[in-house]
Structure formats: structure tokens, C-alpha cells
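Chains as they are written, first to last, in our numbering: chain A, 1 to 95; chain B, 101 to 195.
From the three backbone atoms N, C-alpha and C, an ideal C-beta is built for every residue, glycine too.
No experiment lies behind these values; they were computed from the predicted model shown.
Shown next, in C-alpha cells, is the structure this report addresses.
2 protein chains.
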Amino acid sequence: MEIKEFQELIHQIYLTRDLQRGADRTFLWFLEEVGELTRAYRRKEDNLGSEMADVIAWLASMANLLGIDLEAELLKKYPRVCPLCSSLPCTCPFR
Amino acid sequence: MEIKEFQELIHQIYLTRDLQRGADRTFLWFLEEVGELTRAYRRKEDNLGSEMADVIAWLASMANLLGIDLEAELLKKYPRVCPLCSSLPCTCPFR
Numbered sequence: 001m002e003i004k005e006f007q008e009l010i011h012q013i014y015l016t017r018d019l020q021r022g023a024d025r026t027f028l029w030f031l032e033e034v035g036e037l038t039r040a041y042r043r044k045e046d047n048l049g050s051e052m053a054d055v056i057a058w059l060a061s062m063a064n065l066l067g068i069d070l071e072a073e074l075l076k077k078y079p080r081v082c083p084l085c086s087s088l089p090c091t092c093p094f095r
Numbered sequence: 101m102e103i104k105e106f107q108e109l110i111h112q113i114y115l116t117r118d119l120q121r122g123a124d125r126t127f128l129w130f131l132e133e134v135g136e137l138t139r140a141y142r143r144k145e146d147n148l149g150s151e152m153a154d155v156i157a158w159l160a161s162m163a164n165l166l167g168i169d170l171e172a173e174l175l176k177k178y179p180r181v182c183p184l185c186s187s188l189p190c191t192c193p194f195r
């Protein structure tokens, strides 16, 4: 599935509710999902993939509310090389 | 670009470094990026799309380290309907 297609799916399922909730409260929900993922990772639970999906879905809701095209932003920031050293694989000093 | 293709791109650019850093410290970096996105949103900065891209990229690094297929998880969790009410658009009680 294309990134753009997933963002459009979240638009179709949730935009009306996201608009009703507003950006601030939708962002809080995104952060709640980040918290759930953190807890699942810390506890070594087996639902990490599902929690990662929720984080991306709520990020897509935020992007829809703010008129941001996630696929375009990803391709702009990561144009098939590291954005800092412009190499593939990355050759930046290790951090 | 397919979600799977983006995860594979992050694998090619960063897997060696992600393995060297390890999952715990990579997760901390993901959380740092969530913090940067939160600050940019709170301050109404114009780099929100770029910060969202970083959050997704670090999530892809974590997924690579943990052997999680993000595209498969997204399709499993959001099978073109809301996972709770199974409707499109979502008809759950408003939250």
C-alpha cells in the first residue's frame, strides 16, 4: 500500500471526527498512542506492531488536519539517501 | 511510494548503525523526534512535515530492529474500515 493511500484511508475513516475533535486534542491522542507503544516496548509485549500502526494512524490524522502530505514529506526528507551525508548507507559520524 | 519500500529504504540507509546503537537507544531517539514534533506543533513552526517524516523514519528503524513489517501491521489494524466499528467512515461513539 502506498503511503499516500494509507493517509487517504485514514482521511475517509476519521476526518469528520478529527475535525470535530480539533488538532490540539488529536495531537494529544497521538501522544497517548506513543505512550502506549513505549509501555508495550518497555514491557516486551507482543503487540508492538499494532501499537506502531496506531502511532502512524494518529500521525496521519494530524497530517490530514494540517494539510500535510506525508509521502511527499518522506520523499523530500529521505531522497533515497541519508539527508545529512547524502550517502547510502549513511556514513555520518556514529551517534 | 509503498510503505514497505520506505521501511526498506530506511533499512538500507541505517540498519548497520541502528544495530550498533541498539533498540533501547534507537527508541529513545524516536521519542526525541516525537518531542521535536511536539515543540514544532506547539510553536506553530513551518517544519511540521519534516518533523513528521523524522518520527516515521525512526519508527521504521525500530520496526527494522524488531522484525516488524509496518505495512502488514497497518493493513491488519486498519483493513479499510475503523477497527472498532468496522465502518467507513467510523461510526463509533465520539471521543
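- Query: With 16 as the cutoff for other CB atoms within 10 Å, does Q107(B) come out buried or exposed?
  - Reply: Within the second sequence, residue 107(B) is the residue found at index 7, counting from 1. When all chains shown are included, Q107(B) counts as buried.
- Cβ shell of L137(B) (< 8 Å), same chain only, five flanking positions each side left out: The count along the second sequence starts at 1 and reaches residue 137(B) at position 37. The residues are L148, E151, M152, D154 and V155.
- Buried versus exposed, by CB contacts within 10 Å (16 or more), S186(B): Along the second sequence, one-based indexing puts residue 186(B) at 86. By the 10 Å Cβ count, S186(B) comes out exposed.
- Check whether the Cβ of T38(A) lies closer than 8 Å to any heavy atom of the ligand SAM, and answer yes or no. This structure lacks the ligand SAM, and indeed carries no ligand of any kind.
- Sequence-distant residues of the same chain with beta carbon closer than 8 Å to D69(A), five excluded per side: Numbered from its first residue, the first sequence carries residue 69(A) at position 69. Only residues of its own chain outside the window of five on either side were considered, and among them K4, Q7 and A63 have a CB closer than 8 Å to the CB of D69(A), listed in chain order.
- Task: Measuring alpha carbon to alpha carbon, tell me which of G35(A), E32(A), A57(A) and A23(A) ends up nearest T12(A).
- Result: The residue you call residue 12(A) lines up with position 12 of the first sequence. Note that residue 12(A) corresponds to Gln in the displayed sequence, not to Thr. The shortest C-alpha separation from Q12(A) is found at A57(A).
- Within-9 Å CB hit, R121(B) to chain A: In the second sequence, counting from the first residue as 1, residue 121(B) sits at position 21. Yes, R121(B) counts as interfacial toward chain A.
- Return yes when the Cβ of V34(A) is within less than 9 Å of the Cβ of V181(B), no when it is not. For the purposes of this step, residue 181(B) is taken as the residue at position 81 of the second sequence. For the purposes of this step, residue 34(A) is taken as the residue at position 34 of the first sequence. Their beta carbons are not under 9 Å apart, which means V181(B) does not touch V34(A) by this criterion.
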